[in-house]
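Trainee: Before I ask anything, let me first share the structure, which is written out below as structure tokens.
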Amino acid sequence: MAQRGIREYDGKKMLAKYWSEYISKDFSFPGKVVLVDPQTKLDDLPKKHKWLAKEKLVVKPDQLFGKRGKHGLIKANTNFAEVKKWIKERMNEVTKVGKVTGTLTHFLIEPYIPHKGEFYVAIKSNREGDTIYFSNHGGVDIESVWETVAEIQVEVEQDINRINIESKLPKDTQK
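Residue numbering for the sequence shown follows the UniProt record's numbering, starting at 1 and increasing by one per position.
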């Protein structure tokens, strides 16, 4: 079965669109994210996305690779002027992450939210269905705490409402 990664931007847009329907009506995810590519006119972005000029921001490459934090590829708690400068310095730059070398062409901008911890969520499709990976200990060192990652199998055409997801979550998950 062919696999295809999706950008963090697209994943967050899907979460924003379907959160209240499938996850929780008690919380809404506004989906404030902007994808920048080489054709993007950075100076025009705040006209369309007014929050860019008002909020603290995070910017990072959105190119289907991990370990961005470990490679200095995340700028957090900054303003739009600094975001523009940071992107311009890195756009079309050849970068090596692990054994992979590539050119940076796409960046994600989103609001900066101060936080103490992070979650890890990933979904991988295979012939039998999907595997959802979840941990309460996300962030730049997820590999070092991989034993905290729960794997939840969802078979093709299986009714997810019939899966006792709560029983499969890591033991330290708050209820």
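Glycine included, C-beta positions come from ideal geometry on N, C-alpha and C.
1. For the candidate residues Glu110, Thr173, Ser144 and Trp146, whose alpha-carbon lies nearest to that of Pro30?
2. Just curious, the alpha helix (DSSP H) that Ile152 is in, first and last residue?
3. For His106, I'd like the list of residues in its chain whose CB is within less than 6 angstroms of its CB, leaving aside the five on either flank, ordered along the chain.
4. Excluding the 5 residues flanking Leu52 on each side, which residues of the same chain have their C-beta closer than 6 angstroms to its C-beta?
5. Would DSSP call Lys96 helix, strand or coil?
6. When the Cα of Val58 is compared with those of Leu42, Glu82, Gln39 and Thr40, which residue comes out closest?
7. Going by beta-carbon coordinates alone, are Gly129 and Val154 separated by less than 8 angstroms?
8. Which residues in the same chain as Ala16 place their Cβ atom closer than 6 angstroms to its Cβ, once the five residues preceding and following it in sequence are excluded?
9. Could you pull the start and end residues of the beta strand (DSSP E) that Pro61 belongs to?
10. Tell me which same chain residues have a C-beta within less than 6 angstroms of the C-beta of Lys95, skipping the five on either side of it?
11. Thinking just about the alpha-carbon of each residue, which of Lys13, Ala76 and Phe119 is nearest to the one in Phe134?
12. How should Glu93 be labelled, buried or exposed, when 16 other C-beta atoms within 10 angstroms of its C-beta is the threshold for buried?
13. For Arg127, tell me which candidate among Ile152, Ser144, His115 and Val156 has the shortest Cα-Cα distance.
14. Taking Cβ positions, are Pro114 and Asn136 nearer each other than 8 angstroms?
Mentor: On the basis of the coordinates in this document:
1. Nearest C-alpha to Pro30: Glu110.
2. For Ile152, no alpha helix (DSSP H) run applies; the uninterrupted beta strand (DSSP E) run containing it begins and ends at Ala150 to Glu155, by DSSP.
3. Excluding positions up to five away in sequence, the list reads Asp37, Asp62 and Gln63.
4. These residues qualify, in order along the chain: Leu45, Pro46 and Phe80.
5. Collapsing the DSSP output to three states places Lys96 in a strand.
6. Ranking Leu42, Glu82, Gln39 and Thr40 by Cα distance to Val58 puts Glu82 first.
7. Yes. Within cutoff.
8. Counting only residues of its own chain and dropping the five nearest sequence neighbours on each side, Ala16 has a CB closer than 6 angstroms to the CB of Phe29 and Gly31.
9. First-last of the beta strand (DSSP E) with Pro61: Leu57 to Pro61.
10. Per the sequence shown, residue 95 should be read as Thr rather than Lys. Hits under 6 angstroms: Leu104.
11. Per the Cα distances, Phe119.
12. Exposed, since its Cβ has fewer than 16 Cβ neighbours within 10 Å.
13. Comparing Cα positions, the closest option is Val156.
14. For the pair Pro114 and Asn136, the CB atoms are not nearer than the 8 angstroms cut-off.
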